[in-house]
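S.K.: Take a look at this one; I'll ask things after.
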Amino acid sequence: MNKFKMVLLFVGFSLFSFAQNANISGNISTNNVQRLPFEERKLIGDTEVREGSPYLNGDDFKKVNIPGYSSNVPDLRYNAFSDEMEFLNGKDTYSANKENGQIIKFIDGKIYECLNYNLEGKDKFGYLVQLVHNPEKYSLYKREKVELLKGEKSPNGITKDRNDYYAKEKDIYIIRKNETFTKMAKNKKGFFSDLSLKSDEVEKFIKEKQINFKSEADLIKLVTYMNTL
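Here the numbering used here is used: the first residue of the sequence shown is 3, the next is one more, and so on.
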């Protein structure tokens, strides 16, 4: 596969509103509007080799549903290193423009939401995995991230040099209430303190269900219960 990607520059139109009009030459165009410009940018240099993969869900492009857009959208895959949704047009790989509030549902059930948010005093803009969605109460997200680590030269010339390689960072769980995003605490005490939460029902639930704050399934269970109160 071509190891280049093309970054779509918007001129007032959303990528997915016209993606169905992509022609076989690899150019994407609207019905009666000039072709939109692209900027070519290398992902990896021709001589560079990287071990591992930035695609946590596999390298394949998969069918998606995007509420509010045409059903005829290109198959996508999530790049956890660049934090971009990628798609194929011909043999070339492109990255889709990010839109705040856009929800992308993969057929395997995994849901990504693109959000502008502030976490621990830092502004963020990117994709989060949607685990629990309740705009009126609490929502739970997971931030996935892959980093690129530097390879090492062989110290003796006998063993092989190690190439740069992708490594998965530890997932970060984020709880949202209204427009406040809070990093999920690692224990019950921190959880109640960070959310300024006072609830005998929640405390009882945590104790009875033996909620493990390191377990994604337990966090989903906890936030889902909180939304019933």
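Backbone N, C-alpha and C define an ideal beta-carbon position, used for all residues, glycine too.
1) In whole angstroms, what separates the C-alpha of F89 from that of E115?
2) Could you tell me which residues DSSP pairs with Y119 in its beta bridges?
3) Tell me M87's beta-bridge partners as DSSP assigns them.
4) Spatial neighbours of Q36 within its chain, please: CB distance less than 8 Å, with the 5 preceding and 5 following residues excluded, ordered by chain position.
5) Is E218 helix, strand or coil by DSSP?
6) Expressed to the nearest angstrom, what Euclidean distance is found between the alpha-carbon atoms of Y71 and L78?
7) Among the candidates K126, E122 and E146, whose CA atom is the shortest distance from the CA of Q132?
8) Pick helix, strand or coil for K185, following the three-state DSSP scheme.
9) When the Cβ atoms of the region 167 to 180 are set against those of the region 59 to 76, are three or more pairs found closer than 8 Å?
10) Count Cβ pairs between the region 207 to 225 and the region 185 to 194 that sit closer than 8 Å; are there 3 or more?
11) Beta-carbon separation of K144 and L121 under 8 Å?
M.R.: Looking at the coordinates:
1) 17 Å
2) K126
3) Y80
4) Since pLDDT at Q36 reaches only 27, below the 50 mark, its modelled position is unreliable, and no value is offered.
5) helix
6) 14 Å
7) E146
8) strand
9) no
10) yes
11) no
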